[in-house]
Amino acid sequence: MQTSPDRHEYPAHWEADVVLRDGGTARIRPITVDDADRLVSFYEQVSDESKYYRFFAPYPRLSAKDVHRFTHHDFVDRVGLAATIGGEFIATVRYDRIGADGMAASAPADEAEVAFLVQDAHQGRGVASTLLEHVAAVARERGIRRFTAEVLPANTKMIKVFTDAGYTQKRSFEDGVVHLEFDLEPTDRSLAVQRAREQRAEARSVRRLLAPGSVAVVGTGRAPGGVGRSVLDNIRDAGFTGSLYAVNKAFPEEQKEIDGVPAYRSVGDIDGPVDVVVLAVPAEHVPEAVAECGAHGVQGLVVLSAGYAESGPEGRERQRELVRHARAYGMRIIGPNAFGIINTSPETRLNASLAPEMPRPGRIGLFAQSGAIGIALLSRLHRRGGGVTGNTGVSTFVSSGNRADVSGNDVLQYWYDDPDTDVALMYLESIGNPRKFTRLARRTAAAKPLVVVQGAGSAPQGHAVRATRLPHTTVSALLRQAGVIRVETITELVDTGLLLARQPLPKGPRVAILGNSESLGLLTYDACLSEGLRPLTPLDLTTGASPGDFRSALSRALADDACDAVAVTAIPAVGEGSAGDAALAEALRAAADEVPGKPVLVVHVELGGLAEALSAAASTAPQAGTAPGGTPPRRPPSAPAEQATRRPSEPPPAAGTKPAGAVQPPAAAGTAPAQAPTAPVQAATASLQEDASRSCSRLIPAYPAAERAVRALAEAVRYAQWRREAAEPGRVPEYEDIDEKGAAELIGGLLARGQGLTLGPEETCDLLGTYGVQVHRALPAPTPDGAAEAARALGYPVALKATAPHLRHRADLGGVRLDLADEEQLRRAYAELTELFGTPEELRPVVQGMAPRGVDTVVRAVIDPAAGAVLSFGLAGAASQLLGDMAHRLVPVTDREATSLVRSIRTAPLLFGWRGSTPVDTPALEELLLRVSRLVDDHPEVVAVTLEPVVVAPRGLSVLGASVRLAPPPARDDLGPRTLPVY
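Going by the working numbering, the sequence shown wraps up at 992, each residue one higher than the last.
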């Protein structure tokens with residue numbers, strides 16, 4: 010937080026919107042002299058018991074003196090914060106700075122007494138815990154390092170608020186009162202507690218939107234057509250299990266329903282609660298509707314209306330006002346300019362979107378900021394599209410539009426522990442808070458696959474995002490480091506998601522290839538090599554192979570310990586038709602069931618009915634089997650097996666009959682027949698699902714091109730490798746020779762000169778030296794005599810370098826002379842440089858001692874305002890400058906990450922003995938990376954470090970050039986109290 014220059018100035022930066030434990034929202038702000046009436050009204054609604062706990066005595070009402078005291082603050086030594094909903098207080102917290110004697114004091118006293126009061130109706134919502142986070146941040150900003158509190162032993166709720174916060178504390182009991190004392194410096198435990206509460210609160214806020222008990226559509230047209238009427242029809246036709254209402258102030262007084270749905274002129278006229286309201290009215294009518302919703306106690310809004318930030322500055326201000334208005338009533342918003350939301354759970358069956366058809370139930374979660382992309386994703390997952398046939402299902406779908414409030418971060422929080430979602434697919438046009446997204450993505454990816462397409466261009470006009478100086482490729486690399494499966498297109502998004510939805514993760518990169526087409530097998534083999542996989546020699550079963558041959562070959566491949574995955578290539582047999590395709594599908598399914606621990610996928614020529622046969626009864630709906638990572642998928646007890654393939658709005662088939670239109674493929678010997686779906690197989694992959702009576706069947710995805718299949722498999726291999734490495738994350742080493750205190754003193758003294766500065770050579774060497782990074786000193790050589798003197802001081806052999814910006818690090822231009830053995834060679838080299846490139850004043854020559862020969866590399870660290878501190882590594886010169894061959898990791902870097910960083914660049918073989926060269930000292934290089942990481946992590950004032958070149962020799966390394974920039978550190982909002990973003 011920033012510091013107010015005037016101790017009495019209203020600290021507007023303390024204002025914040027927060028999500029409470031139950032998913033509702035509240036606003037936290039400082040209490041001012043204008044809040045006297047609100048405070049009195051609030052106190053009157055607090056029970057006598059709560060008043061007694063606060064004041065240790067009966068205290069029925071506040072005196073005028075009390076009101077004055079609790080509303081007049083200097084915002085330094087006396088601070089009061091209130092949590093408000095609808096502009097009214099629901100809780101307050103106050104601290105008073107005290108001295109060693111317990112009496113009121115001013116700085117430099119660093120202790121304060123804190124007390125809370127929460128309205129009884131709002132107790133249990135996490136209000137006090139949230140207020141504690143915020144008042145602690147305020148106190149730290151004002152120089153207070155410790156809180157004390159006195160609590161009656163019977164006030165167990167408040168004692169729990171303090172003890173559960175995670176701060177280092179002391180506790181004592183004296184004179185019938187519990188005395189608590191705790192430091193305010195964040196600890197690992199307090200941050201863990203804070204983030205766990207954040208996850209639960211934000212997940213519940215999304216759950217309230219996706220699983221409402223009642224929905225109203227405001228803006229329902231009286232005639233068919235139009236946005237509001239279409240959404241109402243979609244909700245009704247999907248079989249929404251809750252109460253549904255149509256709202257339009259233009260309805261005649263006598264109209265009581267519309268197409269069987271109760272109709273009202275306003276939300277306030279509805280009897281009973283309304284959980285979610287879909288707004289489909291023009292933007293100018295939205296404020297009135299929001300006020301009605303807030304007064305009626307609505308929990309969330311889905312705003313389909315356009316005309317907000319996407320339309321320009323006026324619309325952006327309209328959008329900000331919409332968010333402020335909704336949050337004041339404790340409501341969260343999806344949108345505006347949203348496509349809608351979908352929840353296929355049998356307990357909900359909600360299609361509050363513009364999608365005309367309800368997707369099949371499944372275990373894939375979808376998030377798209379763009380409505381158009383959302384339509385495309387749903388289409389590819391529901392019907393024929395993109396060249397892949399088959400079908401699959403989704404658990405939930407959110408299209409956030411301008412994401413003025415609910416964002417991808419919130420949906421990730423929900424999916425993290427959603428039992429109905431096994432795979433998360435996201436299309437992101439922008440990332441509003443990259444630091445938080447990376448943190449949440451890492452945690453989510455450790456539990457379930459997260460596949461992301463990220464737009465490479467500028468953020469859409471409707472999106473407010475934090476400025477970042479990092480290139481798009483760097484952000485993508487950081488997402489991969491966090492376990493995100495980063496793909497380039499929505500086709501790859503669907504291809505990869507479908508493989509992960511029903512196939513186990515491969516244990517390695519070894520791929521067996523078998524099929525009845527030699528050419529298709531070779532294409533698959535080449536594609537595997539291109540993706541870095543290790544394919545085995547393709548097994549050609551010839552075009553005469555029978556389904557039994559396929560089954561036998563697949564069984565042998567799956568049982569072979571030398572392979573980790575199997576790609577089956579298939580072309581249809583001439584003249585066999587759908588019966589042969591069904592038999593082949595059943596054969597592949599039976600073989601895959603025998604060894605369920607390895608992924609199987611099919612590459613097919615899109616002729617005949619193989620893809621359709623593979624997708625018989627296909628869905629990623631809950632079923633017996635193995636989900637990614639080995640977790641059995643779960644189906645709610647109330648969801649019958651046949652609901653997995655039936656549209657929620659369709660009635661179940663009569664007992665003893667099979668659904669109309671079902672196709673019954675031949676059953677393998679000794680097995681029960683598999684039941685086909687009730688609707689045509691029309692989705693973005695071909696899949697295999699067994700009848701519910703069997704226990705271990707999996708969907709087998711099929712692709713019309715080897716490249717698509719193998720790319721999806723390669724992403725699964727890389728993700729599985731990340732999961733294994735994430736299980737043992739490594740550690741940040743401690744080095745005894747690091748002088749953290751000395752570095753801090755040096756930085757403080759240097760920053761006293763100004764707000765930001767680039768250090769000179771001596772200062773750079775001194776600062777890096779405190780962290781054990783030794784730089785080869787370069788002495789200025791303004792004249793030939795000066796160069797000779799410098800060489801004598803350093804000792805021969807030496808190097809002569811021009812350090813002018815256009816020649817620096819450009820040995821290819823001839824601005825460097827190496828291995829100068831004596832003064833004669835030095836003077837001759839000096840004359841050549843000045844003759845070729847200009848005067849010494851233009852060249853800025855320096856003399857430097859020679860370092861052992863090796864591989865030139867570059868190490869950089871930068872603090873980005875959006876993503877945080879990033880450590881980068883590559884080879885110096887053309888590899889990094891021209892080809893962009895750099896690898897990146899978020900700071901702090903662990904020993905395992907340093908090892909992988911060195912090996913992540915494409916030119917890494919040059920470090921490990923490429924073409925018979927001598928391998929260089931990569932352990933020394935990894936140690937250097939760890940030391941630089943520690944420097945920027947320990948001292949956020951170090952906003953940029955560049956070491957170039959770093960010559961890595963067979964033994965040891967030499968840092969020949971270095972630059973460091975210092976500046977006041979950017980704010981770390983991830984270490985502060987929980988808040989909702991303000992756009």
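Cβ coordinates follow ideal geometry from the N, Cα and C atoms, glycine included.
Go ahead and pull the three-state DSSP assignment for residue i.
i, result
"Tyr-62", "helix"
"Ser-972", "strand"
"Thr-398", "The predicted position of Thr-398 is uncertain, since its pLDDT is 39 and thus under 50; no value can be drawn from it."
"Leu-822", "helix"
"Met-167", "helix"
"Ile-384", "helix"
"Gly-877", "strand"
"Glu-190", "strand"
"Gln-490", "helix"
"Arg-180", "strand"
"Gln-632", "Per-residue confidence for Gln-632 stands at a pLDDT of 39, beneath the threshold of 50, marking its modelled position as unreliable; no derived number is given."
"Thr-694", "Note on Thr-694: pLDDT 30, under 50, position unreliable in the model; no value is reported."
Between residue i and the rest of its own chain, which residues show a CB-CB distance below 6 Å, the 5 nearest in sequence each way excluded?
i, result
"Asp-947", "Glu-749"
"Leu-241", "Val-226, Thr-229, Ala-255"
"Ala-486", "His-897"
"Val-287", "Val-226, Val-240, Val-311, Ala-361"
Apart from the five residues just before and just after residue i, which ones in its own chain have a Cβ nearer than 7 Å to its Cβ?
i, result
"Ile-382", "Tyr-436, Ile-499"
"Leu-835", "Ala-796, Ala-797, Ala-800, Val-807, Leu-809, Leu-829"
"Asp-930", "Val-961, Ala-962, Pro-963, Arg-964, Gly-965, Leu-966"
Over the uninterrupted alpha helix (DSSP H) stretch that includes residue i, give me the two end residues.
i, result
"Gly-751", "749-760"
"Lys-810", "Unbroken run through Lys-810 is the beta strand (DSSP E), 807-811; no alpha helix (DSSP H)."
"Asn-243", "236-246"
Starting from residue i, trace the beta strand (DSSP E) in both directions and tell me its first and last residue.
i, result
"Ala-870", "864-873"
"His-897", "895-899"
"Glu-957", "951-961"
"Tyr-104", "97-107"
"Asn-352", "349-352"
"Ala-91", "87-94"
"Tyr-254", "252-256"
Thinking C-alpha only, which one of the options is nearest residue i?
i, options, result
"Ser-181", "Val-160, Glu-501, Leu-193", "Val-160"
"Leu-421", "Ser-388, Gly-410, Ala-456", "Ala-456"
"Gly-89", "Ala-148, Ser-539, Gln-54, Ser-555", "Ala-148"
"Glu-58", "Val-49, Val-42, Gln-128", "Gln-128"
"Ser-564", "Val-609, Gly-306, Thr-988", "Val-609"
"Arg-213", "Arg-341, His-294, Val-311, Gln-463", "Arg-341"
"Val-27", "Ala-113, Ala-109, Gln-203", "Gln-203"
"Leu-219", "Cys-537, Val-407, Ala-289, Ile-107", "Val-407"
"Ala-596", "Lys-516, Ile-709, Thr-552, Leu-488", "Ile-709"
"Ala-736", "Leu-331, Phe-260, Ala-454", "Ala-454"
"Gln-132", "Gln-54, Ser-889, Leu-938, Met-112", "Gln-54"
"Met-895", "Arg-905, Ala-146, Arg-912", "Arg-912"
"Leu-937", "Leu-777, Pro-282, Leu-508", "Leu-777"
"Gly-541", "Ser-439, Phe-559, Lys-516, Ala-723", "Ala-723"
"Ser-439", "Leu-390, Ser-379, Thr-505, Gly-858", "Ser-379"
"Val-283", "Gln-264, Gln-308, Gly-321, Leu-509", "Gln-308"
Taking 7 Å as the cut-off, decide whether the C-beta atoms of residue i and residue j are in contact.
i, j, result
"Ala-292", "Ser-275", "no"
"Thr-767", "Arg-974", "yes"
"Gly-349", "Trp-424", "no"
"Met-492", "Tyr-338", "Residue 492 is actually Gly in this sequence, not Met. No, the pair does not count as a contact, with Cβ atoms beyond the cut-off."
"Glu-841", "Ala-885", "no"
"Ala-576", "Thr-533", "yes"
"Leu-523", "Ala-566", "yes"
"Pro-480", "Asn-411", "no"
"Val-864", "Leu-919", "yes"
Taking 8 Å as the limit between beta carbons, can you name the residues of its chain near residue i, skipping five residues before and five after?
i, result
"Asp-569", "Ala-521"
"Gly-281", "Ser-223, Ser-252"
"Glu-851", "Ala-813"
"Ala-790", "Ala-796, Ala-799, Leu-809, Tyr-839, Pro-849, Pro-854, Val-855, Val-856"
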